[in-house]
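Chains as they are written, first to last, in the numbering used here: chain U, 45 to 175; chain D, 127 to 480.
Even glycine gets a Cβ: it sits at the ideal position worked out from N, Cα and C.
Down below is the structure, laid out as structure tokens.
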Amino acid sequence: MFKEFAKGLSITLKHLLPGHSTTVDYPKQKLTMSPRFRGLHRLVPTQTREKCVACYLCPTVCPAKCITVESAENEKGEKYPKVYKIDLLRCIFCGYCVEACPVEAIEMSDKYELANYKREDFIFDKERLLK
Amino acid sequence: MTPVVLSLSNAPALWAAAMLVKIIVAFSVLMGIVAYATWVERKVIGRMQTRLGPTMTGYKGLLQPIADGIKLFFKEDIIPNEASKFAFMLAPMMILAPALISMAVIPFGSDYHLTFGGVTYLIPLQITDLNIGILFILAMAGLGVYGIVLAGLASNSKYSLIGGIRASAQMISYELAAGLSIVAIFMLSETLSLSGIVTAQQGVLWGIKALPSWMHNWYIFSQPLAFGLFVVGSMAEINRTPFDLPEAETELVSGFCTEYSSMKYALFFMAEYANMVTIGAIATTLFLGGWDGPFLGWINFLIKVFGFMFFFIWVRATFPRLRYDQLMQMGWKVMIPLALGNIVVTAVAILLWQ
């Protein structure tokens, strides 16, 4: 019994030595996310407009029903999303919208600092998503 | 000129002043240690669990205890409607007070020489030298249970009441083991006074000159079993992890302190840390020769107490919490028989030695 006690105590004592801490001192020091990390959504822009063609595939595939799209046509007769909103309070960051998109107009970025003070601030509209 | 021991009869004003200074210093040092023990505990446990511990408030998180204190003072203080208000307020104080009072009889260092008015006085660095010091400490340790039961009873909540009763059962059973392990000490030293016990531990072990000089007559060498039983028993008695079943907050909704909030809740934890210091100080005095050692008296004492505090934190970071039946089995079936056996063996050894 005493051998086990000593063994347990020695393990914790070893961790006390400097250099064992694996925690990042977060706000001062940030880790780079892996390329497959699914953070905040981003609408991909082209030179003149967003890539999105308002095909409604992403709100259809979204399991949380958090994407709102309203389509319209511009003067060239192309479809574009007049309204594109994602309610992050409902979003589960599954990435299905990215997979469903036929023109790769939506992607998930490495932004993970998504805290806000008001519920309204969690609704990301087209302008915020294009940033 | 031979120094005179400062007492109430030979210099009343000086005695009173010295007493006041001793009380204030002992109290503030104790409270300082209690505050910073929380910081040390979070830091050490953090490192042991490969985390950092507090880093944000002040340099390396050093202002964290102050921030915690301010936060706790300004939190809403809730007293349940049906609670017995007086007893509810009294309970945290009844837990904290005995934890502090025990420090009154601990000798912190050797006598201090003070020359005043042409006379050299000896001031013992001990608030009061009771000739029944150990009994006083055991009595004070026993009083802590009342606060816990009262907290459970006054909350008028069934969880709290059951928690309080459970806690009292645990504390009483471990108090027996810790108390019995001390008996061997005063059989060896033939005194109940703590300064007498420290004096009895000076010199080479058992008076044998051939032993190396680091082998002091500290009772940890002659009573290793009693030392182990005392440390484990007192840890369980003051609800220190891994014996913190009374306030196992994750699975027992905090037991006796479920209904407490704000500063009253903090008082329970101040009492826990004050108890840690007290237990460290008592174990130092009884088993590690008190202030005896290579440095200036009270420095040795502080080093040994800090050693004990580090050990308590270390154990907390290492071992999981016991189950209640394991706790009771260990107390009644292992520790109390061992303590009783130790007394018998010590008695026989003393008889043979004489």
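task = Name the residue from Gly243(D), Val151(D), Ala223(D), Thr183(D) whose alpha carbon lies nearest to the alpha carbon of Ala139(D).
result = Gly243(D)
inquiry  = Restricting to Cα atoms, I'd like to know which of Gln452(D), Lys459(D), Ala473(D), Phe445(D) is closest to Ala50(U).
reply    = Phe445(D)
Terminal residues of the alpha helix (DSSP H) in which Met157(D) lies = 138-174
query = What's the C-alpha gap between Glu208(D) and Leu279(D)?
reply = 11 Å
inquiry  = Our contact map puts His342(D) next to Gly415(D) with C-beta atoms below 8 Å; I'd like the distance itself, whole angstroms only.
reply    = 6 Å
key: Contact the segment 399-406 of chain D vs the segment 431-448 of chain D: 3+ CB pairs below 8 Å   = The segment 399-406 of chain D vs the segment 431-448 of chain D: in contact.
task = Assign Lys47(U) to one of two classes, buried (16 or more other C-beta atoms within 10 Å of its C-beta) or exposed (fewer than that).
result = exposed
Own chain partners of Met266(D) with C-beta closer than 6 Å, once the 5 adjacent residues on each side are dropped = Pro224, Ile227, Ser228
ask   = chain U beta carbons: is any one of them nearer than 8 Å to that of Val170(D)?
value = yes
ask   = Near Met313(D), which residues of its chain fall below 8 Å by C-beta distance, leaving aside the five closest residues on each side in sequence?
value = Ile469, Thr472, Ala473, Ile476
inquiry  = So, does the segment 125-142 of chain U touch the segment 92-111 of chain U, judging by three or more C-beta pairs under 8 Å?
reply    = yes
query = In three-state DSSP terms, what is Tyr238(D)?
reply = Here DSSP, grouped into helix, strand and coil, assigns Tyr238(D) to strand.
task = Please say whether Tyr345(D) and Leu428(D) have beta carbons closer to each other than 8 Å?
result = no
key: chain U residues whose Cβ lies nearer than 8 Å to that of Leu198(D)   = Per Cβ cutoff of 8 Å: no residues; Leu198(D) is ~24 Å from chain U at best.
inquiry  = I'd like the span of the alpha helix (DSSP H) that includes Lys284(D), first residue to last.
reply    = Where Lys284(D) is concerned, the enclosing alpha helix (DSSP H) stretches over 284-315.
key: Residue range of the unbroken alpha helix (DSSP H) whose run includes Arg366(D)   = Here Arg366(D) belongs to no alpha helix (DSSP H), and DSSP marks it neither H nor E.
ask   = Mapping DSSP to helix, strand and coil, what is Arg134(U)?
value = coil
task = Enumerate in chain order the residues of its own chain whose CB-to-CB distance from Ala144(U) is below 7 Å, with the five nearest sequence positions on each side excluded.
result = Leu101, Cys102, Val105
key: Nonlocal neighbours in the same chain, by C-beta distance under 8 Å from Ile221(D), ignoring five residues either side   = Gly270, Gly273, Ile274, Ala277, Leu393, Phe394, Ala397
query = Hey, is the segment 352-369 of chain D in contact with the segment 249-260 of chain D, meaning 3+ C-beta pairs nearer than 8 Å?
reply = no
message = If we define contact as Cβ-Cβ less than 8 Å, is Arg449(D) a contact residue for chain U?
response = Not closer than 8 Å to any Cβ of chain U, the Cβ of Arg449(D) fails to qualify, so no.
query = So, is Gln480(D) buried or exposed, given that buried needs 16 or more other C-beta atoms within 10 angstroms?
reply = Classification for Gln480(D): exposed.
ask   = Which chain U residues sit within Cβ distance under 7 Å of Phe445(D)?
value = Correct list: Gly52.
query = If you drop the 5 nearest sequence neighbours on each side, which residues of the same chain put their C-beta closer than 7 Å to that of Lys126(U)?
reply = Glu114, Ser115, Ala116
inquiry  = I'd like to know whether the C-beta of Met174(D) is nearer than 8 Å to at least one C-beta of chain U.
reply    = Yes - at least one Cβ of chain U is within 8 Å of the one on Met174(D).
query = Buried or exposed: which applies to His239(D), given that a residue is buried once 16 or more other Cβ atoms fall within 10 Å of its Cβ?
reply = Burial check for His239(D): the Cβ neighbour count within 10 Å stays below 16, so the residue is exposed.
message = Closest to Asn160(U) by C-alpha separation, out of Phe168(U), Ser78(U), Thr90(U), would be which residue?
response = Phe168(U)
message = Taking 8 Å as the threshold (beta carbon to beta carbon), is Lys169(U) in contact with chain D?
response = Before going on, a small fix: residue 169(U) reads as Asp here, not Lys. No Cβ of chain D is located within less than 8 Å of the beta carbon of Asp169(U).
request  = Taking all protein chains shown into account, decide if Pro218(D) is buried (16 or more other Cβ within 10 angstroms of its Cβ) or exposed.
outcome  = buried
request  = Please confirm if Leu208(U) has its CB atom under 8 Å from at least one CB of chain D.
outcome  = Summary: the structure shown does not reach residue 208(U), with chain U confined to residues 45 through 175, and so no result is reported for it.
task = Within 10 angstroms of the Cβ of His64(U), are there 16 or more other Cβ atoms? Answer buried if so, exposed if not.
result = By the neighbour-count rule (16 or more Cβ atoms within 10 Å), His64(U) is not buried but exposed.
query = Among Leu198(D), Arg366(D), Asn365(D), Gln327(D), which residue has its Cα nearest to the Cα of Phe347(D)?
reply = Phe347(D) has its Cα closest to that of Gln327(D), out of Leu198(D), Arg366(D), Asn365(D), Gln327(D).
ask   = Given Thr90(U), which residues of its chain have a CB within under 6 Å of its CB, disregarding the five upstream and five downstream residues?
value = The beta carbon of Thr90(U) sits closer than 6 Å to no other beta carbon from its chain once the five residues preceding and following it are set aside.
message = Strictly below 9 Å CB to CB, what residues from chain U border Arg177(D)?
response = Ser65, Thr66, Thr67
request  = Assign Thr92(U) to one of three DSSP states: helix, strand, or coil.
outcome  = Reduced to three states, the DSSP call for Thr92(U) is coil.
query = Which residue's Cα is closest to the Cα of Pro62(U): Met145(D), Ile150(D), Arg173(D)?
reply = Arg173(D)
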